[in-house]
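K.L.:
Using my numbering, read the sequence shown as starting at 867 and increasing by one per residue.
Virtual Cβ for every residue (Gly too), placed ideally from N, Cα, C.
Right, I'll just put the structure down here and ask away after.
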Amino acid sequence: MTHGDGYRAAAVANAGEVRGVGIDAAHHLPLLEGVFASMALPAEPRRDAELRRLAPRRPPAR
Numbered sequence: 867m868t869h870g871d872g873y874r875a876a877a878v879a880n881a882g883e884v885r886g887v888g889i890d891a892a893h894h895l896p897l898l899e900g901v902f903a904s905m906a907l908p909a910e911p912r913r914d915a916e917l918r919r920l921a922p923r924r925p926p927a928r
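Here you go:
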C-alpha cells in the first residue's frame with residue numbers, strides 16, 4: 867500500500883508467483899537527467915517513447 871496527497875494505491879499478487887510487489891508514489895515531475903536510464907529495463911525506453919507518441923503531454927523520461 868502507498869498513499870500521498872490525493873493518492874492512494876494498493877497492489878496484490880499471487881504469493882506463489884512473486885516474491886514482492888512495490889509501488890512508488892511520487893509527484894508527477896520530470897525525472898532528473900540519467901535516472902530513467904539507470905533503472906529502466908532494455909525495452910522500457912522504447913516503450914516510453916511509444917507512450918509519449920500516444921500521449922504527448924507526458925514529460926520525457928531521462
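By how many angstroms is the C-alpha of residue 897 removed from the C-alpha of residue 905?
P.N.:
Translated into positions along the sequence shown, residue 905 becomes position 39. Translated into positions along the sequence shown, residue 897 becomes position 31. Going by the C-alpha atoms only, they are around 11 angstroms apart.
K.L.:
Give the C-beta separation of residue 891 and residue 872 to the nearest angstrom, bearing in mind that I take them to be a contact with Cβ-Cβ under 8 angstroms.
P.N.:
Here residue 891 refers to the residue found at position 25 of the sequence shown. Here residue 872 refers to the residue found at position 6 of the sequence shown. About 11 angstroms; that fails the 8 angstroms criterion.
K.L.:
Who are the near neighbours of residue 879 in its chain, counting only those whose CB is closer than 8 angstroms to its CB and skipping five residues on each side?
P.N.:
For this step, residue 879 is matched to residue 13 along the sequence shown. If we look at residue 879 and ignore the five residues flanking it on each side, its Cβ neighbours are 887.
K.L.:
Might you give, ordered along the chain, the residues of its own chain that have their beta carbon closer than 7 angstroms to the beta carbon of residue 883, omitting 5 neighbours on each side?
P.N.:
Taking the first residue of the sequence shown as 1, we reach residue 883 at position 17. Nothing meets the Cβ criterion.
K.L.:
Secondary structure at residue 913, three-state DSSP: helix, strand or coil?
P.N.:
Locating residue 913 in the sequence shown gives position 47, counting from the first residue. In this structure, residue 913 counts as helix in the three-state DSSP scheme.
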